[in-house]
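FYI, the working numbering numbers position 140 of the sequence shown as 157, with every residue one higher than the one before it. Glycine residues also receive a C-beta, built at the ideal position from the N, C-alpha and C atoms. Below: the structure, in structure tokens.
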Amino acid sequence: MIETETPADKAIVIRARLGASDPEENARLEEATGLAEALGLDVVESTFAPVRKIDPGRFFGRGKLEEMGIHIEALGVNVAVIDAALSPVQQRNLEKAWKVKVIDRTGLILEIFGLRARTKEGRLQVELARLAYERSRLVRTWTHLERQRGGVGFLGGPGETQIEADRRMLADRMAKLRRELEDVRRTRALHRKTRQTAPFPLVAIVGYTNAGKSTLFNRITGAGVFAKDMPFATLDTTVRGFRTPAGTQMLLSDTVGFITDLPTELVAAFRATLEEVREADILVHVLDVSAVDFDVRRREVEAILDAIDAGAEHGQPVIEVFNKIDLWNDEFDPDRVADLPHKSEDAIAAVSVSAQTGEGIDRLLAQIDHAMAAKSVVLTVTADASQHRAIAWLHEHGAVISEEVDDSGITTARTRLSPEAAGRFTSQFPELVPDLEDAI
18 MIETETPADK
28 AIVIRARLGA
38 SDPEENARLE
48 EATGLAEALG
58 LDVVESTFAP
68 VRKIDPGRFF
78 GRGKLEEMGI
88 HIEALGVNVA
98 VIDAALSPVQ
108 QRNLEKAWKV
118 KVIDRTGLIL
128 EIFGLRARTK
138 EGRLQVELAR
148 LAYERSRLVR
158 TWTHLERQRG
168 GVGFLGGPGE
178 TQIEADRRML
188 ADRMAKLRRE
198 LEDVRRTRAL
208 HRKTRQTAPF
218 PLVAIVGYTN
228 AGKSTLFNRI
238 TGAGVFAKDM
248 PFATLDTTVR
258 GFRTPAGTQM
268 LLSDTVGFIT
278 DLPTELVAAF
288 RATLEEVREA
298 DILVHVLDVS
308 AVDFDVRRRE
318 VEAILDAIDA
328 GAEHGQPVIE
338 VFNKIDLWND
348 EFDPDRVADL
358 PHKSEDAIAA
368 VSVSAQTGEG
378 IDRLLAQIDH
388 AMAAKSVVLT
398 VTADASQHRA
408 IAWLHEHGAV
418 ISEEVDDSGI
428 TTARTRLSPE
438 AAGRFTSQFP
448 ELVPDLEDAI
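Rendered as structure tokens:
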């Protein structure tokens, strides 16, 4: 049997334009086109549709609706992607008018997440979000179950309608998914507790989708996580260890990318994954410096972080990483941050890098060291030869600043540790009674 590839659905991407043209609007249309292509659609055309106002029933006014319908028929496409959140009524009316499948921005993102989720947790989260989205779009297509009778004789009322049955099945399935995700959340909490007893500080990479988070993650850890120039290339959280130039062992977490108008269903469903961000000691916010809508993307990420009780507003140090400087221009001087868009007032530092080429990674790691030093304490420990385990523990869990051994075999080590690690050291080796200093 000869297998042939199914041809991709032809699609048109449409964004309503309510006012004058501006670069950010163009960037949004380009982003929507990229999302459609990431779903495997063959985008024949992406265009703006000027409108005076949004029609509550059809999204577009009657005249624009007919005009776009003629154009869609002429293009021969079978999918219309609307870069907006459509109501169920609007989506249904557009499909009836144009005789094509209509997908809004929320549905598009959910479809991509459904394709990319690999782990059991990711699939559960995406399915829960999809069901929450579809629940509001149940259309009363069947009425045959209304003829069912309840009770006894002719006094019984009408039975369960099809739409009510569908809603009940959806509610049951969503309840089951929530229970399974709660089990995942408990497992993740146990893993987090195990890491905390290690204990290694956690640095979480966050940022807009396609900003280069996974490429940066691979550059620092050598993990080989899938990274590609497309939206939502990876969805599942990955954690790997790395050591900073100062010698501090840390954990680095790569998280799902954010996007403008990220569906609330997804934010809720991925809360278990995003808890990794909230628990991090430092956030590394990766920004695509070549993006036209740089500031819009930064504000969107900050808003989502705030929604999950993370970020600078909630006491977490944030280092901004201006990535893709290799795409900036030939004259760009990466040592001059002033050449870049200004850092956020809430960020403790801004570092310019190219995750693709490795340029500036040393500066980023130095800033991570500096941020951890501000949160750490320094222990001065004096141990004899019989207490070598304590010195080995310091090397494994902290950054040894200096170490001296005298003629009698007495070792004096000054080590920078997180407050949690310092507490565990003193409880594990109480006989050493280390001297605590301020972090330097």
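Among N340, G86 and E448, which has the Cα closest to the Cα of G224? On the sequence shown, position 207 is the one that residue 224 refers to. The option with the nearest alpha carbon to G224 is N340.
Report the partner residues of S270 according to the DSSP bridge assignment. As a position in the sequence shown, residue 270 is number 253, starting the count at 1. Answer is A221 and V256.
The beta strand (DSSP E) enclosing H302, as first and last residue numbers: Taking the first residue of the sequence shown as position 1, residue 302 is located at position 285. Residues I299 to D305.
Extent of the continuous alpha helix (DSSP H) to which T432 belongs: Residue numbering aside, residue 432 sits at position 415 when the sequence shown is read from its first letter. Premise fails: T432 lies in the beta strand (DSSP E), T428 to L434, not in any alpha helix (DSSP H).
Stretch-stretch touch, CB-based, cutoff 8 Å, three pairs: the region 388 to 400 with the region 429 to 439: yes
Since D298 contacts V220 with CB under 8 Å, what's their CB separation in whole angstroms? In the sequence shown, counting from the first residue as 1, residue 298 sits at position 281. In the sequence shown, counting from the first residue as 1, residue 220 sits at position 203. Between V220 and D298 the Cβ distance is about 7 Å, and since that is below 8 Å, they are a contact.
Where does R133 sit, in a helix, a strand or coil, going by DSSP? As a first step, residue 133 must be located in the sequence shown, where it is residue number 116. Helix at R133.
For A439, which three-state DSSP category applies? As a first step, residue 439 must be located in the sequence shown, where it is residue number 422. If DSSP states are grouped into helix, strand and coil, A439 belongs with the helices.
Determine the extent of the alpha helix (DSSP H) in which L396 is found, giving its start and end residues. On the sequence shown, position 379 is the one that residue 396 refers to. Not the alpha helix (DSSP H): L396 falls in the beta strand (DSSP E), residues V394 to A400.
Own chain, CB closer than 6 Å to D100, minus 5 neighbours either side, in chain order: Here residue 100 corresponds to residue number 83 of the sequence shown, with the count starting at 1. The residues are R32, A49 and R122.
Which whole-angstrom value describes the C-beta separation of F259 and T277, a residue pair presumed to lie in contact below a C-beta threshold of 8 Å? On the sequence shown, residue 259 is found 242 positions in, with the first residue counted as 1. On the sequence shown, residue 277 is found 260 positions in, with the first residue counted as 1. Actually they are not in contact, since the Cβ atoms of F259 and T277 sit about 31 Å apart, beyond 8 Å.
Between the alpha carbons of T265 and A327, how many angstroms are there, rounded? Residue mapping note: residue 265 aligns to position 248 of the sequence shown, counting from 1. Residue mapping note: residue 327 aligns to position 310 of the sequence shown, counting from 1. Approximately 24 Å, taken between the alpha carbons.
Hey, F275 and V318: beta-carbon distance below 8 Å or not? Working through the sequence shown from its first residue, we reach residue 275 at position 258. Working through the sequence shown from its first residue, we reach residue 318 at position 301. Yes, Cβ-Cβ distance for F275 and V318 is below 8 Å.
Where F339 falls: helix, strand or coil (DSSP): On the sequence shown, residue 339 is found 322 positions in, with the first residue counted as 1. F339 falls in the strand class under three-state DSSP.
DSSP has D72 in a bridge; who is on the other side? Counting from 1 along the sequence shown, the entry for residue 72 is found at position 55. Beta-bridge pairing links D72 to F76.
Any idea if S435 is buried or exposed, counting beta-carbon neighbours within 10 angstroms, 16 or more meaning buried? By 1-based counting over the sequence shown, the position of residue 435 is 418. Counting Cβ neighbours within 10 Å, S435 comes out buried, since at least 16 surround it.
Pick out whichever of V370, H387 and L300 has its Cα sitting closest to the Cα of D323. On the sequence shown, position 306 is the one that residue 323 refers to. Closest by alpha carbon: L300.
Apart from the five residues just before and just after E144, which ones in its own chain have a Cβ nearer than 7 Å to its Cβ? Taking the first residue of the sequence shown as 1, we reach residue 144 at position 127. Cβ neighbours of E144 beyond the five flanking positions: L194.
Hey, out of I126, E90, A102 and E84, whose CA is closest to A55's CA? As a first step, residue 55 must be located in the sequence shown, where it is residue number 38. Comparing Cα-Cα distances from A55 to each of I126, E90, A102 and E84, the minimum goes to I126.
Assigned exposure category for I87 - 16 Cβ within 10 Å defines buried: Position 70 of the sequence shown holds residue 87. The residue is exposed, with fewer than 16 neighbouring Cβ atoms inside 10 Å.
Could you check whether the region 110 to 121 touches the region 69 to 76, counting it as contact only if at least three pairs of C-beta atoms, one from each stretch, sit closer than 8 Å? yes
Quick check on H359: buried or exposed, where buried means 16 or more other Cβ atoms within 10 Å of its Cβ? On the sequence shown, position 342 is the one that residue 359 refers to. Exposed, by the Cβ-count rule.
Closest by CA to E420, which one among E413, W410, T432 and H414? In the sequence shown, counting from the first residue as 1, residue 420 sits at position 403. When only C-alpha atoms are compared, the closest one is T432.
Name the residue from Q445, T428, V30 and A364 whose alpha carbon lies nearest to the alpha carbon of H414. Locating residue 414 in the sequence shown gives position 397, where the first residue counts as 1. Here the closest residue by C-alpha is Q445.
Measure the beta-carbon distance from V117 to S63 and round it to whole angstroms, keeping in mind my assumption that it falls under 8 Å. Here residue 117 refers to the residue found at position 100 when the sequence shown is read from its first residue. Here residue 63 refers to the residue found at position 46 when the sequence shown is read from its first residue. Not quite, the Cβ-Cβ distance comes to about 15 Å (not below 8 Å), so this is no contact.
Residues in its own chain within less than 6 Å of F154 by CB, not counting five upstream and five downstream? For this step, residue 154 is matched to residue 137 along the sequence shown. Checking the sequence shown, residue 154 turns out to be Arg, not Phe. Result list for R154: P105, in chain order.
Indicate whether I365 and V335 have their beta-carbon atoms separated by less than 8 Å. On the sequence shown, residue 365 is found 348 positions in, with the first residue counted as 1. On the sequence shown, residue 335 is found 318 positions in, with the first residue counted as 1. Yes, they are a contact pair.
Among all the DSSP beta bridges, which residues are the ones paired with D59? Start at 1 with the first residue of the sequence shown, and residue 59 comes out as number 42. DSSP, once it has assigned bridges, lists K27 as partnering D59.
Hey, would you say G131 sits closer than 8 Å to R152, going by beta carbons? Numbered from 1 along the sequence shown, position 114 holds the residue referred to as residue 131. Numbered from 1 along the sequence shown, position 135 holds the residue referred to as residue 152. No.
For S420, three-class secondary structure by DSSP: For the purposes of this step, residue 420 is taken as the residue at position 403 of the sequence shown. Before going on, a small fix: residue 420 reads as Glu here, not Ser. Looking at E420 - three-state DSSP - the assignment turns out to be strand.
Sub-8 Å separation of V96 and D39 beta-carbons: The sequence position of residue 96 within the sequence shown is 79, counting from 1. The sequence position of residue 39 within the sequence shown is 22, counting from 1. No, the Cβ-Cβ distance between V96 and D39 is not below 8 Å.
Buried or exposed: which applies to E10, given that a residue is buried once 16 or more other Cβ atoms fall within 10 Å of its Cβ? Here the chain covers residues 18 to 457 and nothing more, so residue 10 does not appear.
Can you pull the DSSP bridge partners for S369? If you number the sequence shown from 1, residue 369 lands on position 352. Beta-bridge pairing links S369 to F339.
Residues of its chain near V68, where Cβ-Cβ distance is below 8 Å and the 5 sequence neighbours each way are ignored: Position 51 of the sequence shown holds residue 68. These residues qualify, in order along the chain: A33, R34, L35, F77, G78 and K81.
Determine, using beta carbons only, whether P218 and L382 come nearer to each other than 8 Å. Here residue 218 refers to the residue found at position 201 of the sequence shown. Here residue 382 refers to the residue found at position 365 of the sequence shown. No; because the gap between Cβ atoms is not below 8 Å, this pair is not in contact.
Own chain partners of A192 with C-beta closer than 7 Å, once the 5 adjacent residues on each side are dropped: What you label residue 192 is simply residue 175 of the sequence shown in a count that begins at 1. The answer is none, since no qualifying residue turns up.
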